[in-house]
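Asker:
Numbering (the UniProt record's numbering), first residue to last: 1 to 901.
1) Please identify the residue among 718, 189 and 728 whose C-alpha is closest to the C-alpha of residue 164.
2) Going by the CB atoms, is the gap between residue 312 and residue 349 shorter than 8 Å?
3) Just the Cα atoms here: how many angstroms apart are residue 370 and residue 291?
4) Which word fits residue 514, buried or exposed, when buried means at least 16 other C-beta atoms lie within 10 angstroms of its C-beta?
5) From residue 410 to residue 727, what does the alpha carbon distance come to, in whole angstroms?
6) If we require 3 or more residues per run, which beta strand (DSSP E) segments fall completely within the segment 76-161?
7) Under the three-state reduction of DSSP, which class applies to residue 826: helix, strand or coil?
8) Taking just the CA atoms, how far does residue 793 sit from residue 694?
9) Under 8 Å, do residue 111 and residue 89 count as touching if we go by C-beta distance?
10) For residue 582, list the residues DSSP reports as bridge partners.
11) Find out if the Cβ-Cβ distance for the pair residue 903, residue 193 is shorter than 8 Å.
12) Starting from the Cα of residue 225, find the closest Cα among 202, 583 and 238 and give me that residue.
13) Under 8 Å by Cβ, that's how I've got residue 302 and residue 277 pegged, so tell me the actual separation to the nearest angstrom.
14) Work out the CA separation of residue 463 and residue 455 for me, nearest whole Å.
15) Can you give me the C-alpha to C-alpha distance between residue 138 and residue 227, rounded to a whole angstrom?
16) Please report the Cβ distance between residue 730 and residue 718, rounded to the nearest whole angstrom; I am assuming they are in contact, meaning their Cβ atoms lie under 8 Å.
17) Residue 206 and residue 236 - do their beta-carbons sit closer together than 8 Å?
18) Does the separation of the CB atoms of residue 127 and residue 36 fall below 8 Å?
19) Apart from the five residues just before and just after residue 647, which ones in its own chain have a Cβ nearer than 8 Å to its Cβ?
20) Is it the case that the segment 758-766 contacts the segment 795-803, given that we only count it when at least three CB pairs across the two stretches are under 8 Å?
21) DSSP three-state call for residue 644: helix, strand or coil?
22) In whole angstroms, what separates the C-alpha of residue 893 from that of residue 715?
23) Between which residues of its own chain and residue 850 is the CB-CB distance below 6 Å, once the five residues before and five after are set aside?
24) According to the Cβ coordinates, are residue 96 and residue 76 closer than 8 Å?
25) For residue 32, which three-state DSSP category applies?
26) Rounded to whole angstroms, how far is the Cβ of residue 782 from the Cβ of residue 722, which I believe are closer than 8 Å?
27) Round the Cβ separation of residue 602 and residue 539 to the nearest angstrom and send it over; I've been treating them as touching at under 8 Å.
28) How far does the beta strand (DSSP E) with residue 803 in it reach, from first residue to last?
29) Under three-state DSSP, which class holds residue 749?
30) Measure the CB-CB distance between residue 620 and residue 725 and report whether it falls below 8 Å.
31) Under a three-way DSSP split, which group does residue 810 fall into?
32) What do you reckon, are the CB atoms on residue 73 and residue 104 nearer than 8 Å?
33) Thinking C-beta only, is residue 283 closer than 8 Å to residue 263?
34) Hey, how far is the Cα of residue 31 from the Cα of residue 91?
35) Taking only three categories from DSSP, how would you classify residue 355?
36) For residue 265, I'd like the list of residues in its chain whose CB is within less than 7 Å of its CB, leaving aside the five on either flank, ordered along the chain.
This is the structure in structure tokens:
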């Protein structure tokens, strides 16, 4: 036993020596690299909890990986900056030059505003992985990146990169992944990409690329994923793409591709997803194209001009989950569906085509089929209607079908027999004419009824006017007695005035002690710091019961004391469910004031719209939640603008000031800048309650920031963030933002729903009905962003429009390719748009979109770049374009025509 114990002792000693030796090897042994890391820590504003200065970077620094004592990898993805770092974020990584063995740099989700420095391609010769996804990067892609010949993966998606794609990237012979999606890149796809023989994934989606698809891409035998979604690529699909034998995903949706579907694509035996919707492809499906693609799971060919019959090969794919061929010209009967086929779990979308004939009984075996907008006739088999959408067909005993006239013409033009059993054509019996004396007596009765109605209405109007006059005098008397109106109850006998510098305001909730808040926030430690706000630092804390709170620490030396008092007095006089819940305050320290709020679990819109999961996947809010947030924020602003007397202006509406609870209910935050609207008649009365700021700085488009119109403009930018998914628009008003707004607004037209799809957030999954809501929100956003403040709609009408989005866009009839305004649309426009009239000089031109009365049937071109207003000729055609984007009420249009004549 003793010998065994001795052996174990020696073994343990050897293992300990080996461990110590390995630990010694992992220590950073380069002083130059240590200094470089410390400098990088400073310039990026990284927290000491992530990179502690007194410990070894290779052993304890989060995201730092070393090989043989040299830095080989840096991963700061999703890191939080220090307070100072957040105040001045920038692309400052010059210290990387000294990390000569660096193989990986990952800053995805970490804000690095600025352009990629050109020296990256000359100094980081060992780099293999370069990841800047969602990092707020701007400017062009440097040509020098083509010198990084060891690069394996290049991720630059979801930024604001502009310019063309450098052809020098074709020199990256080792590259496996190239992701440049969701940027503003223009120009053609470089033909040099054919040289990337090790490429497995190429994603250029959601840009402004033009030209044709390079045929040379078919030479990349290793390519598994090819995504050109949402660009402006034209010409035909190269037949060379059929050589991509390893291709698993192909997405060419939302381009301007024309021609036929190449039969050579049948060689893509490993293809699982084929998405080529919303293009200009035409012709019949080639014979045998889908007969041998056994691995297909998703096929989307909607929104093209395909005709002919639906191949039966579609239905025999063993792994098929989705087949969408809607919005085409496919025709024929539906007998191709086999009675022995197992279609459970498969979604078929055959809507908006020209299918006819009767429904086979086999449809009872399907999970879901959309056959709406066809010409199916006859009866519906028993057990089928629950899983089939059959609107707008020619069926019997089914609601919402086409008219008898349309169905008869369709079948007659094709020489087919039509069963019109479901329609009743027998004329109704004509009523016998009334005798003359009966008609005379009935006219007298109507005259008596009309006279009674007019008299009754006149009496009611007079009574209402008398009550208004009496109540107005009473209100003025009360206001004179109290000194203000609608600012909260004043107890009997109390003085109406407040002390100039109150420490405790009676209308607030119970105050906290300094010790309570100090303990709850861990001594206001940096670990509990949420962010550095412009009115104070925000810390997370916990009350004695464990419920979370947020404490704002206001330093009265560095910030105006008035802003803090303004916020305190706001909560003492006003309350609303859409304002952030205020729990109390602490004024024990003469140099600091502490304000306590309820904690919002979902943070704010800026951080919740796109969240990066633990698996580095971007999870975006769905459309229903986005619309809910927009309505909630509009409710809060409508309260400030219209229910508070005098009207209050928020002055800081942006995505970060829209706070969200655990159910994504909105609470407006950042209330330190709230003040009375400039020029309000009550301003002098309530100056002591909500002090006017020292200066009235100009807002967007020349409007004063102390006006409700300023809030409306900022809210319009928030709505565009919800529609496009582009964050940072609402907090900025620089030249880049204005250029982006000008380009984006050009794709919002009340007469063209499809145009808005060019700017919709690609992460949104929306059907046709939801697209109408997105379209409506975009129209509302554009009305909010009118350059003239007087023409922006009031917030109460914006709220009404968001609560009823379909009323903004839906019409009852069409005429000559243009929508004809109906009486219901007229009343809605009168309520929402009012008398705001829009001249042609106030709207940017739609790229490539001249006059809707021009060439009929032409497809709206994709995005081709930014357009300014300087080049717009003020002609009558531009006047029509303006009215399409912002329809005027018919009453206003009639007045304008009379003035012109």
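Where is the CB? At the ideal position from N, CA and C, for every residue including glycine.
Answerer: Looking at the atomic coordinates:
1) Considering only alpha carbons, the answer is 189.
2) Residue 349 is not a Cβ neighbour of residue 312, given a cutoff of 8 Å.
3) Those two C-alpha atoms are separated by around 23 Å.
4) Flag for residue 514 reads exposed.
5) Across the structure, residue 410 and residue 727 are spaced so that their CA atoms are roughly 49 Å apart.
6) Within the segment 76-161, the complete beta strand (DSSP E) runs of at least 3 residues are 104-106, 129-131, 137-139 and 153-155.
7) Since pLDDT at residue 826 reaches only 45, below the 50 mark, its modelled position is unreliable, and the value read off the structure follows with that caveat. Three-state result, residue 826: helix.
8) Caution is warranted here: a pLDDT of 42 is assigned to residue 694, below 50, making its placement in the model unreliable, and the coordinate value is therefore given only provisionally. Using only the alpha carbons, I get a separation of about 27 Å.
9) The Cβ atoms of residue 111 and residue 89 lie closer than 8 Å to each other.
10) Among the bridge pairs identified by DSSP, residue 582 is matched with 597.
11) Outside the displayed range of the chain (1 to 901) lies residue 903, so it cannot be described from this structure.
12) The shortest C-alpha separation from residue 225 is found at 202.
13) Yes, they are in contact, since the Cβ atoms of residue 302 and residue 277 sit about 4 Å apart, within 8 Å.
14) Between residue 455 and residue 463, the C-alpha separation is close to 12 Å.
15) Their backbone Cα atoms lie some 22 Å apart in a straight line.
16) Residue 718 and residue 730 do touch by the CB rule: their CB atoms are close to 5 Å apart, below 8 Å.
17) For residue 236 and residue 206, no; Cβs fall outside 8 Å.
18) The answer is no: Cβ separation not under 8 Å.
19) 640, 641, 676, 677, 680 and 708.
20) Too few Cβ pairs lie closer than 8 Å, so no.
21) Assignment of residue 644 by DSSP, reduced to helix, strand and coil, places it in the coil class.
22) Any answer about residue 893 is weak, because its pLDDT of 38 lies below 50 and its placement is not dependable; what the coordinates show is given next. Taking C-alpha positions only, residue 893 is separated from residue 715 by approximately 28 Å.
23) With a pLDDT of 34 at residue 850, under the threshold of 50, the modelled position of that residue is not reliable, and the figure given next carries that caveat. So no residue of the chain qualifies.
24) The answer is no: Cβ separation not under 8 Å.
25) Per DSSP, reduced to three states, the secondary structure at residue 32 is helical.
26) Going by Cβ atoms, the distance from residue 782 to residue 722 rounds to 14 Å, so no, they are not a contact pair.
27) Their Cβ separation, rounded to whole angstroms, is 18 Å, which puts residue 602 and residue 539 out of contact at 8 Å.
28) Counting along the chain, residue 803 falls outside any beta strand (DSSP E), though it belongs to the alpha helix (DSSP H) covering 795-803.
29) Three-state result, residue 749: strand.
30) With contacts defined as CB atoms closer than 8 Å, residue 620 and residue 725 qualify as a contacting pair.
31) It is coil, neither helix nor strand.
32) A contact, by the Cβ cut-off of 8 Å.
33) Contact: no.
34) The straight-line gap separating the alpha-carbon atoms of residue 31 and residue 91 is approximately 24 Å.
35) Residue 355: strand per DSSP, three-state reduction.
36) Counting only Cβ-Cβ distances below 7 Å, and skipping sequence neighbours, we find 241, 242 and 289.
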